[in-house]
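Accompanying notes for the structure given below.
2 protein chains.
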Amino acid sequence: MFIHRYPQKNKWAELVKRPILKKEKVSEIIAEIFKEVEKNGDEALLTYSQKFDSAELNTVIVSQNEIDEAGNSVSDELKAAIQKAKENITQFHTSQQAGIQKIETTQEVICWRENRGIEKVGIYIPGGTAPLFSTVLMLAIPAQLAGCSEIILCTPPDKKGNINPAILYAAQLCGVTRIFKAGGAQAVAAMTLGTESIPNVYKIFGPGNQYVVAAKEYAQNYGVAIDMPAGPSEVLVIADEKAVPEFCAADLLSQAEHGSDSQVIFISTDLKIMEETIEEINQQIKKLPRNGMAQQSLDNSHFMIVKTLEEAVDFSNVYAPEHLILAVKDFEKYIPSIRNAGSVFLGNYACESAGDYASGTNHTLPTNGFAKNYSGVSLDSYVKKITFQYLSKQGLKNLGKTIEIMAEAEGLSAHKNAVSIRLKK
Amino acid sequence: MFIHRYPQKNKWAELVKRPILKKEKVSEIIAEIFKEVEKNGDEALLTYSQKFDSAELNTVIVSQNEIDEAGNSVSDELKAAIQKAKENITQFHTSQQAGIQKIETTQEVICWRENRGIEKVGIYIPGGTAPLFSTVLMLAIPAQLAGCSEIILCTPPDKKGNINPAILYAAQLCGVTRIFKAGGAQAVAAMTLGTESIPNVYKIFGPGNQYVVAAKEYAQNYGVAIDMPAGPSEVLVIADEKAVPEFCAADLLSQAEHGSDSQVIFISTDLKIMEETIEEINQQIKKLPRNGMAQQSLDNSHFMIVKTLEEAVDFSNVYAPEHLILAVKDFEKYIPSIRNAGSVFLGNYACESAGDYASGTNHTLPTNGFAKNYSGVSLDSYVKKITFQYLSKQGLKNLGKTIEIMAEAEGLSAHKNAVSIRLKK
């Protein structure tokens, strides 16, 4: 934990630095995996599952029977929670649907956009200790709303060759069309290249370890789009004298428990609030099952005292956090000043967990400073916006001269002629 | 020119193939250029200008004096045309501005999105024979509308060290904040890394040759976003018996004149229309100054006769053209079936040139089949959509149980605790 009192602006560049991700090392491994999957398809995936997941599989396909059984083994309580979250996520993402708005830019020249779902999308859900069924909701719900016709999901099996039932339940609930047992870079390779069982897709979504991240980048060489570049998860909490140290500590810890590379930043205008928050962290962390990871993350965290909330927001804009919690009284006042952030949580009761699971916003957000140039996942991530234009004969007459003059000035005679020949007719 | 009569569906995969772009060769050159620009900044740019543009420069900065002089040397007629185009482009892109829509997903749980312009963007405009001031309009107007605070433009100088006046005029008219004389991969490197004169930016837009395209891809390794992946320009024209062969020929030629690698496809349900279109092409091409390039492009073009317009649209969806012209009578009928295209031109008077210059739609569009998973440039390309949420104490009470159950099922106790600790208070 690093504590900074009134850090100078010229120190900020140092403070906003993220850990450097080593890419070079894995790139050869990724290229090899893609080559293997391209050559041997499903067979390659089964061999990798044996190697990396210690699972003996006959097929990568998850059967309808497995999905039905999963439905039976998820508790009614969890099902109800997942359904409630689904409702809210659906409601918020439905509000992102844009109607068709026809604009007559010049008389009888009419332009508009229409959205079309990307036909085939792939969702990757990591395995490991935490079964991230919440990410299934976040990535499948907008895909279905967007009208994507093929929504496939790949996730690694456990040692017995099974997928966590909550993942299967969420997937079928949210319109995933096919589920496959495949993990890591090889799953990304399969969704990029296609195998006998797994169709290739046009865009790949979802989190993962450094191999998955590198594989998604590599997939772009094959013309596949990805949701966004990735990095470790982050939270920046800004607290004034009305913040509640217990709550701040809990929010910082909920970020820290993600992993030892999680980024945690706390900025306050109030020394007492900061001291109490640190004290609270030291108390609360003891009770956490994942306290080892949380402690490692906290060891690298920054706690800052600044003079004004304006300065805190300025720093946040330079850092560009994935999650920004404004635990301040007059949060409305600071909203217009927020320029770079993935998702913003306002007041003392908007904890990050709300957005992580169930409030309705998407939890797939730009990390690593990418909030400066990328948005989080939304309905937009699943559609292409196609422009349309209709010009009547009169419409072209109204605009023709303008086009002819510009085309000529650019030295593109055929462009000009496409207008002239019509005007002459 | 390849002519296909009623091609079988199993031949389509062959017909939609794009020319393969050789990437490998240039990647070492790009890496070297980035290293050079990182090390020597402006000095490297001046040396490259000498080498590649045969221009002796003292500075890469375009002075206000040069911009003012450019204004004087552009004809009033061209100025008026540029202003008219600017009006239409502004009107259409303004219509893409999304208002704030607050959604109460659960009682007292309120979620919304707000747009923020990407703070620093860079526009690349190629040099060469055609001064692409129209691309300045297409890339700077939405940047200004989005509220990007720094909008820089790089373009190579001619041998005398000058920039085409129409480019300078359009840039200052559309809110470009700074203009630099730098071309090719080195300009992209400068906008990525920054030099003494050129600020680094968060997103780079604009067309270019294979070096520029490769440099934009390479820039992503430094966390810079780009507008979209690139390839040669394309048009697909669908014509029924009501199409006008003269117009179709003119549209195909206006695409073909872009360059020898331009992709041109013509599909008709009417043999006579196709034959007359080919005849018209042979007549019209004679009068074109760029007929050498156009002929090379046409040599690789496909002309197809199909049985129905539905089949033509199906083929188009598989090809995913940058530009799709529906020169058919009942074009409305086919709009819902269009799934993959960059921009669509409807009827006999909506020529591609209209959208290239002045109707209001953006002409920076996905090529090379990327219309399957990417949209063209729009206002969206210049903003981040930040999600916000406010939960009152009661709001968290209403949703808390759902969050707690899900967090627990994912094994993330600290996430659960961030809710529990608030509900207990």
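Protein sequence lines, in the order shown, are assigned to chains S and G.
Just so you know, the first sequence maps onto residues 1 to 425 in this note's numbering.
Just so you know, the second sequence maps onto residues 1 to 425 in this note's numbering.
We put the beta carbon where it would ideally sit given N, CA and C, even for glycine.
Here the structure is a predicted model, which means the values were calculated and not measured.
Query	Result
Residues bridged to G/Y390 [DSSP beta-bridge criterion]	S/L346 and G/I110
Buried or exposed (CB count within 10 angstroms, at least 16 for buried), G/A190	buried
Contact set for S/Y142: own chain, Cβ-Cβ below 6 Å, skip 5 residues either direction	One point to set straight first is that residue 142 of chain S is Pro, not Tyr, in the sequence displayed. Counting only Cβ-Cβ distances below 6 Å, and skipping sequence neighbours, we find H93, L379 and Y382.
S/Y218: first and last residue of the uninterrupted alpha helix (DSSP H) it sits in	Q210 to A219
Residues in the stretch 347-373 of chain S having any Cβ partner in chain G nearer than 9 Å	G347, N348, Y349, A350, C351, E352, S353, A354, G355, D356, Y357, A358, S359, G360, T361, N362, L365, P366, N368, G369, F370, A371, K372 and N373
Complete beta strand (DSSP E) runs within the stretch 230-310 of chain S (minimum length 3 residues, chain order)	234-239, 263-268 and 302-305
Listed by chain order, chain S residues near G/T106 by CB distance under 7 Å	N88
First and last residue of the uninterrupted alpha helix (DSSP H) at S/P4	Residue identity differs from the one stated: residue 4 of chain S is His in this sequence, not Pro. Careful: S/H4 lies outside any alpha helix (DSSP H), inside the beta strand (DSSP E) at F2 to R5.
Residues near G/Q389 by beta carbon distance below 6 Å, same chain, minus five either side	C111
Coarse secondary structure for S/Y357, derived from DSSP in three states	helix
Test: G/K17 CB closer than 8 Å to a CB of chain S	no
Exposure label - G/Q368; buried when at least 16 CB within 10 Å	According to the sequence provided, residue 368 of chain G is Asn. The question's Gln does not apply to it. Result: buried.
Inter-residue CB distance, S/R116 and S/K397 (contact presumed, cutoff 8 Å)	That belief does not hold up - the Cβ atoms of S/R116 and S/K397 are roughly 31 Å apart, past 8 Å.
Interface residues of chain G facing S/G411 [CB-CB closer than 9 Å]	T129, A130, P131, P289 and R290
Cβ of S/Y222 within 8 Å of any chain G Cβ	no
8 Å Cβ cutoff, G/E119 in contact with chain S	yes
CB of S/K120 within 8 Å of CB of S/P199, strictly	yes
Contact belief for S/L173 with S/I103 at Cβ below 8 Å, rounded distance in angstroms	So it is not a contact: roughly 39 Å between Cβ atoms.
For S/P156 and S/G128, the rounded distance between their alpha carbons	9 Å
Rounded C-alpha distance that separates G/V212 from G/L153	14 Å
6 Å Cβ shell around S/S197 - same chain, five flanking residues per side excluded	D42, V60 and I61
G/Y390 at chain S interface by Cβ criterion, 8 Å	yes
Beta-carbon proximity list for G/K9, same chain, < 7 Å, skipping 5 on both sides	none
Cβ-based burial, G/P19 [other Cβ within 10 Å; buried from 16]	exposed
Under 7 Å from the C-beta of G/R116: neighbouring residues of chain S	R339
G/I403 - DSSP class collapsed to helix/strand/coil	helix
Reduced DSSP secondary structure (H/G/I, E/B, other) of G/Y202	coil
Beta-carbon proximity list for S/V393, same chain, < 7 Å, skipping 5 on both sides	Checking the displayed sequence, the identity of residue 393 of chain S turns out to be Lys instead of Val. No residues qualify anywhere along the chain.
Beta-carbon spacing of S/I30, S/A185 below 8 Å	yes
Start and end residues, beta strand (DSSP E) containing G/R422	Careful: G/R422 lies outside any beta strand (DSSP E), inside the alpha helix (DSSP H) at S413 to K424.
Reduced DSSP secondary structure (H/G/I, E/B, other) of G/L324	strand
DSSP bridge partner residues for G/F180 (one or two, in chain order)	G/I61 and G/C154
Length-filtered (4 minimum) alpha helix (DSSP H) runs lying within the stretch 7-80 of chain G	12-15, 24-53 and 64-73
Beta carbon proximity, G/A418 to chain S, threshold 8 Å	yes
DSSP beta-bridge partners of S/R116	S/K384
Enclosing alpha helix (DSSP H) for S/I167 [first to last residue]	P165 to L173
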